[in-house]
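Enquirer: Per the numbering used here, residue 1 is the first one in the sequence shown, and the count goes up by one each step.
I have a structure I would like to understand better, so I am pasting it below and will then ask my questions one at a time.
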Amino acid sequence: MRITLVTVGRTDIPWVREGLEMYVSRLEHYVPFTLKEIPELKGVGSLSQDQVKAREGEGLLKLVKPSDELVLLDERGREYRSVEFAQWLEGRMAHSGRDLVFAIGGAYGFSEAVYSRADAKLSLSKMTFSHQLVRTIFAEQLYRAFTILRGEPYHHE
Numbered sequence: 001m002r003i004t005l006v007t008v009g010r011t012d013i014p015w016v017r018e019g020l021e022m023y024v025s026r027l028e029h030y031v032p033f034t035l036k037e038i039p040e041l042k043g044v045g046s047l048s049q050d051q052v053k054a055r056e057g058e059g060l061l062k063l064v065k066p067s068d069e070l071v072l073l074d075e076r077g078r079e080y081r082s083v084e085f086a087q088w089l090e091g092r093m094a095h096s097g098r099d100l101v102f103a104i105g106g107a108y109g110f111s112e113a114v115y116s117r118a119d120a121k122l123s124l125s126k127m128t129f130s131h132q133l134v135r136t137i138f139a140e141q142l143y144r145a146f147t148i149l150r151g152e153p154y155h156h157e
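Written as structure tokens, this is what we have:
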């Protein structure tokens with residue numbers, strides 16, 4: 001199984017990018033992991049939020065194979081404690097046999113086409129985080145899940 005994190009736009013805040021890179025390098029010890037960035041749209045001032053979401057969604061869906069399991073990081077998704085998320089991930093790895101693609105939308109979220117294609121939705125919190133910051137937070141939680149599954153001393157409970 002492979003895991004891919006798809007994001008809209010570049011991670012251009014230096015400290016967020018550094019944290020993301022750190023966790024991506026750690027994740028590569030556990031699972032084939034790829035970070036893919038959909039280019040941020042240019043000249044969107046004349047577009048509605050729905051039009052922006054639709055165009056971003058088209059770019060996202062081009063990166064998802066029919067055989068992939070698409071999981072959206074979405075405020076309306078299911079919340080897990082870290083141990084529960086690790087168990088969910090373990091179940092996906094053991095029973096699904098599909099590659100996992102996690103997606104973080106742009107500033108306006110996801111299009112209806114992306115929601116229709118999604119296999120699951122996860123929420124990191126009831127709070128709203130910037131779409132750039134979520135990248136690092138999620139990468140850390142994914143890393144934490146693998147350390148929990150391996151019984152490594154990163155997570156304390």
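We put the beta carbon where it would ideally sit given N, CA and C, even for glycine.
Can you tell which of V114, G77, M22 and K42 has the C-alpha that lies nearest to the C-alpha of G158?
Expert: With the chain covering only 1 through 157, there is no way to say anything about residue 158.
Enquirer: Contact between the segment 114–130 and the segment 74–94: three or more CB pairs below 8 Å?
Expert: Yes, the segment 114–130 touches the segment 74–94.
Enquirer: Would you grab the beta carbon distance between A217 and V24 for me? Rounded to a whole angstrom, and I think it's under 8 Å.
Expert: Any answer about residue 217 is impossible in this case: the structure gives the chain only from 1 up to 157.
Enquirer: Please classify Y132: is it buried, with 16 or more other beta-carbons within 10 angstroms of its beta-carbon, or exposed?
Expert: Sequence index remark: in the sequence shown, residue 132 carries index 132 (1-based). The identity of residue 132 in the sequence shown is Gln, whereas the question assumes Tyr. The residue in question, Q132, is buried, as its Cβ has 16 or more Cβ neighbours within 10 Å.
Enquirer: Using the beta-carbon count (16 or more within 10 Å), is V151 buried or exposed?
Expert: Reading the sequence shown from its first residue, position 151 is the one you call residue 151. The question names Val, but residue 151 in the sequence shown is Gly. Exposed, since its Cβ has fewer than 16 Cβ neighbours within 10 Å.
Enquirer: How do the segment 89–101 and the segment 62–69 stand: do at least 3 beta-carbon pairs fall below 8 Å, yes or no?
Expert: Touching, yes.
Enquirer: Got a sec? Which residues, its chain only, sit under 6 Å from Q49 by beta carbon, not counting five neighbours each side?
Expert: Counting from 1 along the sequence shown, the entry for residue 49 is found at position 49. So the qualifying residues of the chain are Y108.
Enquirer: I'd like the span of the alpha helix (DSSP H) that includes F110, first residue to last.
Expert: In the sequence shown, counting from the first residue as 1, residue 110 sits at position 110. Here F110 belongs to no alpha helix (DSSP H), and DSSP marks it neither H nor E.
Enquirer: So what's F129 in DSSP terms, helix, strand or just coil?
Expert: Taking the sequence shown and counting its residues from 1, the one referred to as residue 129 is at position 129. Three-state result, F129: coil.
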